[in-house]
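Note that our numbering has the sequence shown beginning at 167, numbered continuously upward.
See below for the structure under consideration.
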Amino acid sequence: MSENEAVGASGGLVPVTEGEWAGWSTWQSDAFEQRAGPFYERRDDDGSMVAAFRAEERHMNGAGFMHGGCMMTFADSAIFTIATDELAGSHGVTMHLAGDFLDPASVGQLIEARGEVVRAGGKTIYVVGMIRADGKPVLSFNGIIRKITRR
167 MSENEAVGAS GGLVPVTEGE WAGWSTWQSD AFEQRAGPFY ERRDDDGSMV
217 AAFRAEERHM NGAGFMHGGC MMTFADSAIF TIATDELAGS HGVTMHLAGD
267 FLDPASVGQL IEARGEVVRA GGKTIYVVGM IRADGKPVLS FNGIIRKITR
317 R
């Protein structure tokens, strides 16, 4: 699948086989995140999960920096990527998401989110993380996921 084939398509997590994002995967079934990003994810060599996207003009606010809503949408997506192993294929909803903006991000930068699950038990998963733009910290975030049973 090319990186442009994912936008607006149906389906689950699918691998990207060409372009800048070859070797990554994206969620075809999440139309909002596809339009907001699209966002990509993969497992690093150390076993941790990383989420990423390339900052484009459409992600910027009127001042020319990445819109805070875009960055928080990415953080919301990233908590689920980071908690992949704890979710173990189940679904979840965001119960809490908070972020501290540290620096602006600009067009062309590689935006990456990494983090860790600090606690998981029962139906609740606690995640902390950092979003970086070309390696520079731009947003620290924390979130709580509630596992749910799909109806």
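Quick reminder that beta carbons are idealized off the backbone N, C-alpha and C, glycines included.
Consult DSSP for residue i and reduce its assignment to one of helix, strand or coil.
i: aspartate 211; result: coil
i: leucine 305; result: strand
i: alanine 218; result: strand
i: glycine 203; result: coil
i: threonine 315; result: coil
i: threonine 239; result: helix
What first and last residue would you give for the beta strand (DSSP E) that runs through residue i?
i: alanine 279; result: 276 to 287
i: phenylalanine 267; result: 257 to 267
i: methionine 296; result: 290 to 299
i: serine 195; result: It is not in any beta strand (DSSP E) - serine 195 carries neither H nor E in the DSSP assignment.
i: proline 181; result: 179 to 181
Using a threshold of 8 Å, state whether the C-beta atoms of residue i and residue j are closer than that.
i: threonine 250; j: methionine 215; result: yes
i: arginine 209; j: tryptophan 190; result: no
i: glycine 309; j: threonine 247; result: no
i: tyrosine 206; j: alanine 217; result: yes
i: alanine 241; j: phenylalanine 307; result: yes
i: glutamate 282; j: valine 273; result: no
Cutting at 6 Å between CB atoms, please list the residues of its own chain near residue i, excluding the five before and the five after it.
i: glycine 203; result: Phe219
i: alanine 299; result: Ala271, Gln275, Ile277
i: glycine 178; result: Ser195
i: arginine 285; result: Tyr292
Rounded to whole angstroms, what is the Cα-Cα separation between residue i and residue j?
i: isoleucine 311; j: leucine 268; result: 24 Å
i: leucine 253; j: leucine 263; result: 17 Å
i: glutamine 275; j: glutamate 223; result: 11 Å
i: histidine 257; j: tryptophan 193; result: 13 Å
i: arginine 316; j: isoleucine 291; result: 17 Å
i: glycine 265; j: arginine 201; result: 21 Å
i: valine 180; j: alanine 279; result: 19 Å
i: serine 243; j: glycine 255; result: 15 Å
i: lysine 289; j: aspartate 212; result: 26 Å
i: methionine 238; j: valine 304; result: 11 Å
Can you list, in chain order, the residues of its chain whose CB lies under 7 Å from that of residue i, leaving out five sequence neighbours each side?
i: arginine 225; result: This sequence places histidine at residue 225; arginine is not what is there. Only Met232, His233, Cys236 meet the Cβ criterion.
i: glycine 174; result: Because the pLDDT of glycine 174 is 41, which lies under 50, any placement of that residue in the model is unreliable, and the number read from its coordinates should be weighed accordingly. The answer, listed in chain order, is Ala197, Gln200.
i: isoleucine 314; result: His257, Gly258, Val259
i: lysine 302; result: Asp269
i: asparagine 227; result: His233
i: asparagine 170; result: Summary for asparagine 170: the model assigns pLDDT 43, below 50, so the residue's position carries little reliability, and this model does not support an answer.
Would you give the residue range spanned by the alpha helix (DSSP H) that residue i belongs to?
i: leucine 253; result: 250 to 253
Output needed for residue i: all residues of its chain with C-beta closer than 8 Å, excluding positions within five of it in sequence on either side, in chain order.
i: serine 168; result: Note that serine 168 has pLDDT 40, beneath the 50 cutoff, so the model's placement of it is unreliable and the number below is only indicative. For serine 168, where only same-chain residues beyond five positions count, the Cβ hits under 8 Å are Val182, Thr183, Glu184, Gly185.
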